[in-house]
Amino acid sequence: MRPHIICHMLSSVDGKIDGASLKAVTTPVDYEATGTKLEGDAWVCGRTTMEQHFAEDEPFLSASNRPAGPQPVHVARKAKSYAISVDTTGKLRWASGDIDGDHLICIVSERAPDDYLSMLGDTGISYVVAGKSAVDLVKAVNLLGEHFGIRRLLLEGGGHINGAFLQVGLVDEVSLLLVPGIDGRREIPAVFDGMDSARKAAVPLKLKSIERRDKDALWLRYEVVR
Ligand SMILES: NC(=O)c1ccc[n+]([C@@H]2O[C@H](COP(=O)([O-])OP(=O)(O)OC[C@H]3O[C@@H](n4cnc5c(N)ncnc54)[C@H](OP(=O)(O)O)[C@@H]3O)[C@@H](O)[C@H]2O)c1
69 MRPHIICHML SSVDGKIDGA SLKAVTTPVD YEATGTKLEG DAWVCGRTTM
119 EQHFAEDEPF LSASNRPAGP QPVHVARKAK SYAISVDTTG KLRWASGDID
169 GDHLICIVSE RAPDDYLSML GDTGISYVVA GKSAVDLVKA VNLLGEHFGI
219 RRLLLEGGGH INGAFLQVGL VDEVSLLLVP GIDGRREIPA VFDGMDSARK
269 AAVPLKLKSI ERRDKDALWL RYEVVR
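According to my numbering, the residues represented by the sequence shown are 69 to 294, in order.
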């Protein structure tokens with residue numbers, strides 16, 4: 069039932085993902101163009117990325133502060149393509165139920181307040197509640213397949229949500245647009261970040277394809293070996 073998941077990211081040669089810094093060595097157009105070739109019917113980002121690029125500036129403030137607890141999936145509408153956020157406690161505020169024509173689905177945990185879910189419903193936004201104190205990603209993506217018919221999900225960062233998906237075995241492919249620049253700053257997340265530090269072995273990958281792109285970029289596609 070779960071969708072096939074491809075992590076699609078723009079990266080410097082040292083694996084850093086700060087789009088603002090990478091503008092010096094690439095144009096975002098190629099990231100979008102390669103992403104389109106992956107033919108996803110949905111894309112998902114972590115709360116920080118959504119906050120920086122897509123949500124309203126001010127966070128949601130709960131009047132009730134009452135955790136919603138377990139809730140059924142809310143399908144505001146079905147769509148051809150979906151934008152999905154992963155926001156454990158329901159912080160992100162949204163102006164509408166669409167991002168650039170993609171219908172918005174918010175994944176939250178049972179800690180999200182009940183008035184947050186009401187706000188989503190009133191704004192025409194779909195939601196999935198999965199996990200008690202943290203989002204249960206495996207359950208959430210299964211529900212996305214079951215209730216929205218999502219078959220091919222593009223995981224588009226940032227590093228911490230990518231790491232969390234990879235850690236629970238939810239990444240099937242990696243699609244990396246490697247651009248000719250070095251960032252080098254410690255505080256900038258890597259393509260996959262925040263994984264369990266007890267891990268001692270790299271996750272093995274098998275090369276699927278490699279393509280030279282404009283401005284000395286390389287588009288690398290790998291399958292995750294299980
Ligand atoms: N180069 C690229 O292709 C690309 C693409 C996307 C983003 N970016 C950049 O990446 C940066 C942000 O990356 P980031 O790693 O700091 O943040 P992120 O991955 O976008 O978001 C992390 C947040 O997601 C929420 N989350 C919910 N469930 C989670 C789980 N199971 N595991 C981990 N996080 C979970 C957490 O916030 P809560 O606990 O509040 O829910 C967490 O702090 C930005 O600079 C952005 O521009 C680059």
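C-beta atoms are modelled at their ideal positions from N, C-alpha and C, and glycine is treated no differently. Keep in mind that this is a model prediction, so the values were computed, not measured.
With a cut-off of 8 Å on the beta carbons, I'd call G227 and A258 a contact; round off their distance for me. As a first step, residue 227 is located in the sequence shown; it is residue number 159 there, counting from the start. As a first step, residue 258 is located in the sequence shown; it is residue number 190 there, counting from the start. Going by Cβ atoms, the distance from G227 to A258 rounds to 5 Å, so yes, they are a contact pair.
Below 8 Å on the Cβ atoms is my guess for A208 versus I175; work out the distance and round it to an integer in Å. As a first step, residue 208 must be located in the sequence shown, where it is residue number 140. As a first step, residue 175 must be located in the sequence shown, where it is residue number 107. A208 to I175, Cβ: 5 Å. Contact.
Own chain residues within Cβ distance below 6 Å of L224, not counting five before or after: As a working note, residue 224 is residue 156 in the sequence shown. Per the sequence presented here, residue 224 reads as Glu, with Leu not at that position. So the qualifying residues of the chain are H76, W111 and C113.
Bridge partners - K159, DSSP secondary structure assignment: Taking the first residue of the sequence shown as position 1, residue 159 is located at position 91. Paired residue(s): none; K159 is not in a bridge.
Quick one: is M69 buried, meaning 16 or more other Cβ sit within 10 Å of its Cβ, or exposed? Here residue 69 refers to the residue found at position 1 of the sequence shown. Exposed, since its Cβ has fewer than 16 Cβ neighbours within 10 Å.
Would you please state the rounded distance, in angstroms, between the beta carbons of V242 and Y290? I believe it to be under 8 Å. Translated into the one-based positions of the sequence shown, residue 242 becomes position 174. Translated into the one-based positions of the sequence shown, residue 290 becomes position 222. Here V242 really is in contact with Y290; their C-beta atoms are around 5 Å apart, less than 8 Å.
Tell me which residue opens and which closes the alpha helix (DSSP H) that G213 is part of. To locate residue 213, count along the sequence shown from 1; it is residue 145. Annotation for G213: the continuous alpha helix (DSSP H) segment containing it runs L205 to F216.
Close beta carbons around M263, own chain, < 6 Å, minus the five adjacent residues each side: Sequence index remark: in the sequence shown, residue 263 carries index 195 (1-based). The beta carbon of M263 lies closer than 6 Å to those of G231 and Q235 in the same chain, with the five residues before and after it left out.
For K159, is the beta carbon positioned less than 7 Å from some heavy atom of ligand 1? By 1-based counting over the sequence shown, the position of residue 159 is 91. The answer is yes for K159.
Could you have a look at R280 and say whether DSSP puts it in helix, strand or coil? The residue labelled residue 280 in the question sits at position 212 within the sequence shown. DSSP places R280 in the strand class (E or B) of the three-state scheme.
In its own chain, which residues sit with a C-beta less than 7 Å from the C-beta of D86, not counting the 5 before and 5 after it? Here residue 86 is taken as the residue at index 18 of the sequence shown, counted from 1. Answer for D86: D251 and I256, listed in chain order.
Using a Cβ-based criterion (distance less than 7 Å to any ligand heavy atom), does R115 qualify as near ligand 1? Along the sequence shown, read from residue 1 onward, the residue named residue 115 stands at position 47. R115 Cβ: within cutoff of ligand 1.
Taking DSSP as the reference, what is the three-state secondary structure of A232? Residue numbering aside, residue 232 sits at position 164 when the sequence shown is read from its first letter. In the structure shown, A232 sits in a helix (DSSP, three-state: H, G or I).
Identified DSSP bridge partners for D168: In the sequence shown, residue 168 corresponds to position 100, counting from 1. Note: D168 is not bridge-paired with any residue in the DSSP secondary-structure output.
Let me know the secondary structure DSSP gives P96 once reduced to three states. To locate residue 96, count along the sequence shown from 1; it is residue 28. Per DSSP, reduced to three states, the secondary structure at P96 is helical.
DSSP bridge partner residues for H142 (one or two, in chain order): Here residue 142 refers to the residue found at position 74 of the sequence shown. DSSP links H142 through a beta bridge to Y195.
Rounded straight-line distance, which links the Cα of M118 to that of K148: As a position in the sequence shown, residue 148 is number 80, starting the count at 1. As a position in the sequence shown, residue 118 is number 50, starting the count at 1. Whole-angstrom Cα-Cα distance: 21 Å.
Neighbourhood of L275 by C-beta, 7 Å cutoff - its chain only, sequence neighbours within 5 removed: Along the sequence shown, one-based indexing puts residue 275 at 207. Hits under 7 Å: Y290.
Excluding sequence positions up to five away, which residues of its chain have a Cβ less than 6 Å from the Cβ of D170? The residue labelled residue 170 in the question sits at position 102 within the sequence shown. Here the set comprises S149, Y150 and A151.
Does the beta carbon of G225 fall short of 7 Å from some heavy atom of ligand 1? One-based indexing of the sequence shown puts residue 225 at position 157. With a threshold of 7 Å, the Cβ atom of G225 counts as near ligand 1, since some heavy atom of the ligand is closer than that.
Hey, would you say the C-beta of A313 is under 7 Å away from at least one heavy atom of ligand 1? Because the chain in this structure spans residues 69 to 294, residue 313 falls outside the shown range and cannot be described.
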